[in-house]
Every structure is written in C-alpha cells, then in structure tokens.
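Notes follow once the structure below has been shown.
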Amino acid sequence: MFLASLIPLLTLFLSGTQARPKSYAVWAADSAIARGQGNGLDSAGVNPIVSYEHGEFQWALRLLYELTGNKTYFDYIQAGADNIVFPNGTVHGSYNLTAYALDPIRTGPTFLYLYEQTLQAKYKTAATIFRTQLNGHPRTAQGQFWHKLMYFNQGWLDGIYMGDVFYAAYTKAFDANNATAWADITAQFKLMFDNTIQNATAPNNTGLMYHGYDFSHTAVWASPDRGHSPEVWDRALGWYAMALVDVIEMAPANSGQLKPTLLSILNVLAPKIRDAADPTTGVWWLVLTQPGRALNYFESSGAIMYVYALLKAVRLGYVADPDGSIVGAASKAYGYAVANWVVPNGDGTMDWKNTVSVGSLSTDGSFEYYVNQTVDLNDLKGLAAFVLASIEFEKL
Ligand SMILES: *[C@@H]1O[C@H](CO)[C@@H](O)[C@H](O)[C@H]1NC(C)=O
Ligand SMILES: *[C@@H]1O[C@H](CO)[C@@H](O)[C@H](O)[C@H]1NC(C)=O
Ligand SMILES: *[C@@H]1O[C@H](CO)[C@@H](O)[C@H](O)[C@H]1NC(C)=O
Ligand SMILES: *[C@@H]1O[C@H](CO)[C@@H](O)[C@H](O)[C@H]1NC(C)=O
Ligand SMILES: *[C@@H]1O[C@H](CO)[C@@H](O)[C@H](O)[C@H]1NC(C)=O
Ligand SMILES: *[C@@H]1O[C@H](CO)[C@@H](O)[C@H](O)[C@H]1NC(C)=O
Ligand SMILES: *[C@@H]1O[C@H](CO)[C@@H](O)[C@H](O)[C@H]1NC(C)=O
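Letter by letter, the sequence shown follows residues -19 to -1, 1 to 377 in mature numbering (1 follows the signal peptide of the UniProt record, and there is no 0).
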C-alpha cells in the first residue's frame, strides 16, 4: 500500500528533473553554449567583442573537444572566432591595437589553434596582428609589459594570463628558435613574481602575490616601498596560476630558462595556495589577505582556478605531492564548489554562482573596493574555469 502510493510520486519527481550529463565539465560547457555565452558577441548577441573570457572558455572547449571528440565544441570555437575575424584576417569588434591592452590578446590562442586545425590563413593573420602589438607594447624600465597604455608602468597579475599564454603559443607555433622571445616570456613571469610576492615581513602575509604593482610608484594604491597594490585578490592570482601550468605544458625544449623558472615559481605558490584555503570550507576568500573580515566572502572564480592549476600541476608532475595534501585541498574545494556554486535548472542546464564581476586596479585597490563589486550568476570567467577544473577533477 505504502510502496504503491510512493512509486507514482517518484516517477513524477524523476520526469520533472531532466537528465544531466554525468560529467560536470560537459554539463557546464553545454549550459554556457545553450545560453550563447563566449561566442564572440556581446551579451545581447549583437555586436562582436574581443573578450578574454571568451578566450578562456574557448581554451576549455578545446580541451573538452580533445577529450570527448565531440565536434560541437570545435564548431562553437570556430563560430566564435569567425565573429571577430574578417575573411582577410583583420580582427574587428572591440579590438584597438594602439590601446595596448593585454586583455584582448587572450583570444589569440584560439586563432593559433584554429590555424593549426584548418590551415586557413585568416587565423594566422589575426594572430600575427596580436604578435605585432606585443612588439610595440609599452614596458617598464625592467621590461614588464604595461597592463594597458592608460595604466602607465603597471603590471597586473591578470596580464600574464591575458598576454603571455598567447606570446608563448605564438612563439612555439611560428618562431620557436627565437631565444629573445623565450627569454622575454620568462622575464614577464619573473618580474611579476618578484615585484608582487609577499615576503615574511609583509603585513597579513600569505606568501602569495599582490594584485599588481606600479613600477613608477605613482598610482594611488602603490606601496611606498615596492610599488605593489595593498591586497592579494583571489582571481588575479588564479589567472597567474593557470598561466603557469598552461605555459609550462607548452614550453618546448629550446625555450631556455622558461620551464625551470616557471616551475620554481609554481613550487613556491602551490603549497601557499593550499595553506591559504579556509580550513572549514576548503575554499578561498575574495581578499586573501583579510580572511574572515566582515563583507569578505568565498568567491568562486579564484577558487576554481586554483583547483585547475593545482590538479594539473600535480598530474603533470610539476609539483610533488608526497602526502597528497595538494590534491586533497583541491578536491575538497572542488566538492564545496559543486555543492554550493552549481545549481541545476529545470531545463537541464546548470547555473554557476558567486563569481565576482570585476576587480580592477583602476581604483584604490582597497579591501572596501573589492568586496563592493557585483557578484554575478553564470559569469564566464568563473564558469569557464569550472569546466577546466572539472576536466582535471574527472581525470583523478
Ligand atoms: C555533443 O555535444 C552536444 C551538446 O554540446 C550534444 O547535444 C551531443 O549529443 C553531443 N554528441 C555526442 C556524440 O555526444
Ligand atoms: C579586411 O576586411 C574588412 C571588412 O571587409 C575591411 O574593413 C578591412 O579594411 C580589411 N582589411 C584589410 C587590411 O584589407
Ligand atoms: C585606440 O586607442 C588609442 C589609445 O588609447 C586611442 O587614442 C584611439 O582613439 C583608439 N582608437 C579607437 C578607434 O577607438
Ligand atoms: C624575436 O622576438 C623578439 C622579442 O619579442 C622580437 O623583437 C623579434 O622581432 C623576434 N624575431 C623574429 C625574427 O620574429
Ligand atoms: C617585504 O615586503 C614589505 C611589503 O612590501 C616591504 O616593506 C619590505 O621592504 C620587504 N622586505 C624585503 C627584505 O624585501
Ligand atoms: C590586515 O588584516 C586586518 C584584519 O583583517 C585588517 O584590519 C588590516 O587592514 C589588514 N592590513 C592590510 C595591510 O591588509
Ligand atoms: C560601493 O559601490 C557603490 C555603488 O556602486 C558606490 O556608490 C560606492 O562608492 C562604492 N564604495 C566603495 C568603497 O568602492
């Protein structure tokens, strides 16, 4: 009697809940695709934009395509690139070479990949335009690319992911014997690290990297001693950490000091990132330098970028993890993310929660600034990184 009345109820429940893919990587990617995200057009789906988060998502889709062989992912990457590359190879939409911004360059690895796969000249032409930008890009006296022409003498961690993953991929594809280029890429990572790493006497020391620095020490946020910004912002370090593992993976044998330099930086950061996780939840605060302070919160994009970088670093043997504590920390954080930031929708897609929309050093770089920014639903900066982290987690 009891069972007989329960079965129709159960059936009703199950038919109301659409089946979802077993893989979170596939589910997250398919959900973003269903919403038309990351396709080279603005959020209204009208105007072409050259957007780093589209570049990040296309990087994730490439890995998913390689893993699953499902051509839907490849076609989506190509359609997205074709929205911003004219048939003659000119990059259009929001791209302006003489603004000397690193952010748009993050779509460059997509062009390189499509050229490799299709041999269509327009993709090589488009990538070469970005490479030309780097040749004229303004630099600090030490040689660090400015984040953007309008951010005079400033290096931001974000810019390493935006500019140097492309720089390395381009050099590998077309200029592999250019020792100057390999040394320059190495210097971009090293200068950023040396100028922003928190040392033992820094206040609220995490041993991690501040968001950025101003070599001329004139920005309102620049510390008088070293010119760095005041706080460690989770996503900036997430971009930098993802750039480390992705560039180490692509570094060819003749890339000089690139690989040893990046490996040594990664081996400093990986255990510090592990140790900075909140002991209860296993994830990280938006402002890492002020754990637990009122208005600070657990932010999803930075956390999920660390999961990707840590799991990939251990899987590829870049970081030794003899006691399993690094994979353990990444797995705990991943579990928290799935339980708290992934929300199933009635239509079979999922939502991704708790990614902060922005964190910029065009401001005063204060704690109050970072915690005051809007938190978005389905922000691609976090969602694309969730695809990447899921690909890694599902390989465990
Ligand atoms: C490929 O992915 C799409 C959605 O992204 C899905 O609809 C389709 O069934 C997949 N194809 C295969 C062969 O798995
Ligand atoms: C490439 O094509 C676009 C669109 O037709 C055009 O506006 C642009 O001037 C062309 N660029 C070059 C370098 O020919
Ligand atoms: C491109 O950027 C430069 C430098 O910021 C600016 O002077 C120029 O007006 C911009 N061009 C366009 C078409 O927006
Ligand atoms: C090699 O790389 C350097 C640094 O980016 C660049 O200035 C130079 O033009 C490159 N050489 C060639 C042959 O492309
Ligand atoms: C350590 O970092 C702090 C904060 O940036 C700075 O004041 C101090 O000079 C640094 N010490 C050394 C030895 O670099
Ligand atoms: C260090 O942390 C405390 C507590 O969160 C905070 O009041 C203080 O402003 C922080 N200092 C810096 C330089 O971040
Ligand atoms: C916080 O955001 C509000 C609304 O955008 C703004 O008016 C205020 O100045 C911001 N405060 C800080 C400290 O950034």
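We put the CB at the ideal spot given by N, CA and C, even for glycine.
Computed from a prediction, not measured in an experiment: that's the story for all the values here.
Distance between residue j and residue i (C-alpha atoms, nearest Å)
i: residue 349; j: residue 342; result: 13 Å
i: residue 277; j: residue 219; result: 17 Å
i: residue 176; j: residue 40; result: 28 Å
i: residue 123; j: residue 299; result: 28 Å
i: residue 256; j: residue 311; result: 11 Å
i: residue 375; j: residue 338; result: 27 Å
i: residue 93; j: residue 62; result: 11 Å
i: residue 207; j: residue 53; result: 48 Å
i: residue 178; j: residue 189; result: 6 Å
i: residue 104; j: residue 204; result: 42 Å
i: residue 11; j: residue 329; result: 10 Å
i: residue 42; j: residue 55; result: 7 Å
i: residue 238; j: residue 16; result: 42 Å
i: residue 269; j: residue 82; result: 26 Å
i: residue 97; j: residue 155; result: 11 Å
i: residue 370; j: residue 235; result: 29 Å
i: residue 119; j: residue 125; result: 8 Å
i: residue 111; j: residue 260; result: 42 Å
Supposed contact pair residue j and residue i - C-beta distance, whole angstroms, cut 8 Å
i: residue 89; j: residue 151; result: 7 Å
i: residue 289; j: residue 366; result: 6 Å
i: residue 115; j: residue 368; result: Not confirmed; about 28 Å, so no contact.
i: residue 80; j: residue 130; result: 6 Å
i: residue 352; j: residue 267; result: 6 Å
i: residue 6; j: residue 372; result: 5 Å
i: residue 332; j: residue 324; result: 4 Å
Own chain, CB closer than 7 Å to residue i, minus 5 neighbours either side, in chain order
i: residue 134; result: 121, 127, 195, 196, 197
i: residue 171; result: 242
i: residue 390; result: Only positions -19 to 377 of the chain appear in this structure, which leaves residue 390 out of reach.
i: residue 354; result: 337, 338, 339, 340
i: residue 68; result: 103
Beta carbon of residue i nearer than 7 Å to that of residue j
i: residue 221; j: residue 292; result: no
i: residue 59; j: residue 95; result: yes
i: residue 363; j: residue 314; result: no
i: residue 91; j: residue 36; result: yes
i: residue 136; j: residue 215; result: no
i: residue 361; j: residue 140; result: no
i: residue 149; j: residue 72; result: no
i: residue 346; j: residue 202; result: yes
i: residue 294; j: residue 244; result: no
Bridge partner(s) assigned by DSSP for residue i
i: residue 126; result: 120
i: residue 178; result: 190
i: residue 209; result: 194
i: residue 336; result: 357
CB contact below 7 Å: residue i versus chain B
i: residue 347; result: Here chain B cannot be found, since the structure has a single protein chain.
Neighbourhood of residue i by C-beta distance below 6 Å, restricted to the same chain and skipping five residues each side
i: residue 28; result: none
i: residue 85; result: 31, 76
i: residue 359; result: 332, 333
i: residue 281; result: 322, 335, 336, 363
Chain-order list of residues whose beta-carbon lies under 8 Å from that of residue i (same chain, five-residue window excluded)
i: residue 271; result: 185, 212, 277, 348
i: residue 49; result: 7
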